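To start, the structure under review is shown below, and the notes come after it.
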Amino acid sequence: MRRPFVAGNWKMNNTLTEARALMRELREQLSPQAAVDVAVCTPHTLLYPMGREIDGTAIALGAQNCHFEPSGAFTGEVSPRMIKEAGCTYVIVGHSERRQHFAEGGEILKRKVEAALQAGLDVIYCIGETLEQRQQGETEAVLDRQMAEVLHGGLDAGRLTVAYEPVWAIGTGVTATAEQAQASHEFVRSKLASIFGASGAAKMRIQYGGSVKPGNAAELMACPDVDGALVGGASLVAGDFVAIIAAAAAASR
Ligand code: 13P
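The sequence shown begins at 145 in this note's numbering and counts up one residue at a time.
So this is what it looks like as structure tokens:
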């Protein structure tokens, strides 16, 4: 049985003042015994202060991106070991917004995944097809390629989560149906099995992301290969994020 993993991706939202208020609400509302791993992935400026806010709670911290070098002349970038020392357990790599707006492709993402694991971070590696790719019947080919160009058997599967985030479902309010999510997750797991072996893949968590809300979380989390969620907009509202975590906990019982 895989322990569900729900992570909030705050994206470029929350000032320090706003973040402190949200974190206070989260701490108050979140049951510490929930059988779910929980993380919030904040902008870089909030990592260190939020690390202090979550001290002593069951909430872990994640970053949304990192560079692949440990240090050097890379103006504006942040390295995995900086993120680690700021208090992070996780880093998101390959989010579709990074692929789309910052032209990140397989070669760079592979280096980022390797560097993050090397620095002792756990990685949430995001994949997902655009609407056009889905309509062209290319969903599985896209997911296959996005995994093949970045993941390989030399990586520690135990520290890797894959997030399936169909681009057409991100921030649109249109979520994948449970059937669509399960079909993609099953495909992703079969590919992970070809990379990490069947028993490795069986232990790996595959999150669903894309307009996850309290109203659709239970149905999505009930899918056998959906092991949690990567939550954008709804993670900015404490009550909604907590409700999604509760749905993941209920589905795992
Ligand atoms: P939304 O939940 O806002 O659709 O965002 C999903 C996402 O991109 C999480 O990484």
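Beta carbons: idealized from backbone N, C-alpha and C, even for Gly. Every value quoted in this text rests on a predicted model; they were computed, and no experiment measured them.
Please check the pair residue i and residue j, which I expect to be a contact at CB under 8 Å, by giving their CB distance rounded to whole angstroms.
{"i": "residue 183", "j": "residue 203", "result": "7 Å"}
{"i": "residue 354", "j": "residue 319", "result": "6 Å"}
{"i": "residue 361", "j": "residue 391", "result": "4 Å"}
Is any heavy atom of ligand 1 found at a distance shorter than 6 Å from the C-beta of residue i?
{"i": "residue 268", "result": "no"}
{"i": "residue 191", "result": "no"}
{"i": "residue 153", "result": "yes"}
{"i": "residue 375", "result": "yes"}
{"i": "residue 328", "result": "no"}
{"i": "residue 359", "result": "no"}
{"i": "residue 198", "result": "no"}
{"i": "residue 215", "result": "no"}
{"i": "residue 238", "result": "no"}
{"i": "residue 354", "result": "yes"}
{"i": "residue 315", "result": "yes"}
Please determine, among the options, the residue with the shortest C-alpha to C-alpha distance to residue i.
{"i": "residue 424", "options": "274, 226, 340", "result": "This structure cannot speak to residue 424, because the chain is shown only from 145 to 397."}
{"i": "residue 309", "options": "375, 296, 160", "result": "375"}
{"i": "residue 267", "options": "277, 343, 253", "result": "253"}
{"i": "residue 201", "options": "224, 346, 169", "result": "169"}
{"i": "residue 213", "options": "196, 175, 257, 243", "result": "257"}
{"i": "residue 255", "options": "223, 279, 285, 280", "result": "223"}
{"i": "residue 345", "options": "301, 387, 358, 238", "result": "301"}
{"i": "residue 442", "options": "185, 160, 173, 146", "result": "Any property of residue 442 remains undetermined from this structure, which presents the chain solely from 145 to 397."}
{"i": "residue 176", "options": "319, 395, 386", "result": "386"}
{"i": "residue 335", "options": "238, 357, 306, 383", "result": "306"}
{"i": "residue 220", "options": "199, 198, 228, 188", "result": "188"}
{"i": "residue 339", "options": "245, 316, 295, 303", "result": "295"}
Is the beta carbon of residue i less than 7 Å from the beta carbon of residue j?
{"i": "residue 180", "j": "residue 210", "result": "no"}
{"i": "residue 232", "j": "residue 190", "result": "no"}
{"i": "residue 149", "j": "residue 349", "result": "yes"}
Using 10 angstroms around the beta-carbon of residue i, count the other beta-carbons present and answer buried if the total reaches 16, otherwise exposed.
{"i": "residue 243", "result": "buried"}
{"i": "residue 369", "result": "buried"}
{"i": "residue 280", "result": "exposed"}
{"i": "residue 379", "result": "buried"}
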